[in-house]
Every structure is written in C-alpha cells, then in structure tokens.
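S.K.:
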Amino acid sequence: MTLHPEQLGQSKQELAATLKDLRKRAGLSGARLAARCNMSQSKISRIESGKSPATPMDVEQILRALKAPPEILASVAELARLASTDWQGLRALRRKGLHRKQQELANLESSSTEFRFFLLSMITGLLSTPEYIKASLSHLQGDQSQLIARKPSRQEILYDTDKKFTFLLSEMAARWPLIPAPAMAMQIDRLISLSRLPNIQIGIIPLTGLMPVAPMDTFTVYDRSLVTIETTSGVLALRDPKDVAIHVDTFSTMEGCAMFGAEMRNLLEQWSDDFRTST
1115 MTLHPEQLGQ
1125 SKQELAATLK
1135 DLRKRAGLSG
1145 ARLAARCNMS
1155 QSKISRIESG
1165 KSPATPMDVE
1175 QILRALKAPP
1185 EILASVAELA
1195 RLASTDWQGL
1205 RALRRKGLHR
1215 KQQELANLES
1225 SSTEFRFFLL
1235 SMITGLLSTP
1245 EYIKASLSHL
1255 QGDQSQLIAR
1265 KPSRQEILYD
1275 TDKKFTFLLS
1285 EMAARWPLIP
1295 APAMAMQIDR
1305 LISLSRLPNI
1315 QIGIIPLTGL
1325 MPVAPMDTFT
1335 VYDRSLVTIE
1345 TTSGVLALRD
1355 PKDVAIHVDT
1365 FSTMEGCAMF
1375 GAEMRNLLEQ
1385 WSDDFRTST
C-alpha cells in the first residue's frame, strides 16, 4: 500500500470505516466486540467513528477478536501503521505560520521526559546560538521574526533536570559552516558548555573509521513512543511501536560510534580553534 504523504491523514478515516465494516460482517455489536477485546464500548465507538485514533495494538486486538483471516490482518495492520503516521508539509506549515510549529514542539517537549536527537547535517535549535538560528531560517520567505523569537525560548527546557537529553551530532552537523567562522567558533563553544549539564549528553560521531549503518535523516525520539523525522519538505511523525523501535535501535548503534565527555570536548575545542584561526 503506497500513499502520497499528503494522503496520510485520509488513512485514519479509512481505518475507522474498515474496522466498523469488519465488525458488522462478523455479526457482532459494538458491545460484544468490546467485551471480547476487554475494551469499553465507548472506546470501540470512538475508534469506529474516527474520533479516537486506534493504535496498532488496538487494531491487532480487534482483528483477533473478529477472527480476521491472515490476509486481512496484514492489510489492515499496514493501514493502521499509516494511520499512526502524520505528515506536515513545509508549505502547509508556512501557511499556518512556522512560529505555531514552535509552540507544538514546546508542548511536546514539556510532556516528554526522555529525548534522543540524531543530527545528521546541522545543529538543532535547542543547541543553537541566536546567530545560528537566524542563519538556519534565512532561506524562508517572508517575515520570520516571530519564529526567530520563539526558538531561543524553547531552550529553557534544557535546564529541567527531570528531563534527559541525548544529542548525537555527525561531524558534518557540528562543522557545517552555516555562519561565519568566528560565529561558528562560538556555536561550538556553546555545545561544549551545554555538554556539562548533568541531564545532557552530547556525542560527536567523527568521520573516521568504519560506520556500521548509514542513517538517512535527522530524527528525534520522544519517550520511545514518537519519532519525528525532518526532511527538506516537511516533518514526518511516526507512532507505530515498530517504527519507533527501528529508530531507537539506529540511535543506539550510532551512539556506540560517538565520542562523549572529555574526549568529545577536546575534539570540539580543536574545531572551535580551527574556526578562530581560519579568519
């Protein structure tokens, strides 16, 4: 089953209608299905109306209660995976105002406790200096003053010691010269400073040696329950446990390739000095 990203939202309603149709074909009332699934009747009703999205685990439980054949299990499970995927295209985000996305991220960060950031090609806003933030948004058309103003305020979450952050940066992400050399030196100095906070781990993956995998995207894992993937044209959100597990495993693999602590800070200090002496 292949869908264009903009069609992903439609899969939620399709899943709801499919589950309702399968229940009716099985000759079960909502109450009887709920009893078989050990769910409330109201939950079954919300799932079938599309008001409450069904998780992949909910779907599997319902299909087994309906004694669906293997081919139905496979196709509806794939639909459930798509229904648990959200796509926010950059054009749509621009129409709504990109500063609103910052509020969404702030809310997500507020409600999560453990964060894993894999940064492939640039530094995330949470770790960025104001000059780096401004440069990272310079390609966007129109007035982005609200967006630029909101990004630094999100950084306050880093000082909440009840939250744990692990940032993995490729060497390319840490050294990509997005801003002039003196400002890049200051940006790297900020990474060194933040790495000393007790709830933050910053790892650098140097471009040396043999890499076991080659991740294709920048991604963030929130509490092992949600993955967001940044692309050039938008943001993809995955909630299927299998999709989340793949990214957690990839993150763990790359974590084993990263430098941390004093070794990492020594490398960053060397790169910071290189930027300072390059002018």
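Per this note's numbering, the sequence shown starts with residue 1115, numbered consecutively. Heads up, the beta-carbon is just placed ideally off N, CA and C, and yes, glycines get one too. Only a predicted model underlies this, so the values are computations on that prediction, with no experimental measurement involved.
Cβ-heavy atom distance between Ile-1318 and the ligand HEM below 6 Å?
M.R.: Questions concerning the ligand HEM fall outside what the structure shown contains, since it holds no ligand whatsoever.
S.K.: Pull the bridge partners of Ile-1316 from the DSSP assignment, please.
M.R.: Answer is Phe-1281.
S.K.: CA-CA distance, Pro-1119 and Pro-1329?
M.R.: Per-residue confidence for Pro-1119 stands at a pLDDT of 42, beneath the threshold of 50, marking its modelled position as unreliable; the derived number appears in the next sentence. For Pro-1119 and Pro-1329, the distance between alpha carbons rounds to 20 Å.
S.K.: Is the number of C-beta pairs between the region 1341 to 1349 and the region 1267 to 1285 that are closer than 8 Å three or more?
M.R.: Because the criterion of three Cβ pairs below 8 Å is not met, the region 1341 to 1349 and the region 1267 to 1285 do not touch.
S.K.: Taking the alpha helix (DSSP H) that Ala-1145 belongs to, which residues open and close that run?
M.R.: Taken as a continuous stretch (DSSP letters only), the alpha helix (DSSP H) holding Ala-1145 covers 1144 to 1151.
S.K.: If you reduce the DSSP assignment to three classes, tell me which class Arg-1353 lands in.
M.R.: DSSP places Arg-1353 in coil when its eight states are reduced to three.
S.K.: Using only CA atoms, which one of Pro-1296, Leu-1233 and Gly-1144 lies nearest to Ile-1318?
M.R.: Looking at the Cα atoms, Leu-1233 is the closest of the given residues.
S.K.: Going by the DSSP bridge assignment, what does Ile-1343 pair with across the sheet?
M.R.: Its beta-bridge partners are Phe-1333 and Leu-1350.
S.K.: Please state the DSSP three-state secondary structure of Leu-1233.
M.R.: DSSP places Leu-1233 in strand when its eight states are reduced to three.
S.K.: How many angstroms separate the CA atom of Asp-1354 from the CA atom of Ser-1143?
M.R.: One C-alpha to the other measures close to 28 Å.
S.K.: Does the distance from the CB of Ile-1314 to the CB of Leu-1305 come in under 7 Å?
M.R.: Contact: no.
S.K.: Three-state secondary structure (DSSP) at Met-1325?
M.R.: The answer is coil: DSSP assigns Met-1325 none of H, G, I, E or B.
S.K.: Excluding the 5 residues preceding and the 5 following Pro-1272 in the sequence, name in chain order all residues of the same chain whose CB lies nearer than 7 Å to its CB.
M.R.: The displayed chain sequence assigns Leu, not Pro, to residue 1272. Closer than 7 Å at Cβ, skipping near neighbours: Leu-1240, Phe-1279, Leu-1308, Leu-1311 and Ile-1314.
S.K.: Counting only the same chain and skipping the five closest in sequence on each side, list residues whose C-beta sits under 8 Å from that of Ser-1235.
M.R.: Same-chain partners within the cutoff: Ser-1284, Met-1286, Ala-1287, Trp-1290 and Thr-1332.
S.K.: How many Å lie between Lys-1248 and Ile-1176 at the Cα?
M.R.: Lys-1248 and Ile-1176: Cα-Cα distance of roughly 49 Å.
S.K.: With C-beta atoms as the reference, is Ile-1302 less than 7 Å away from Ser-1250?
M.R.: No, the Cβ-Cβ distance between Ile-1302 and Ser-1250 is not below 7 Å.
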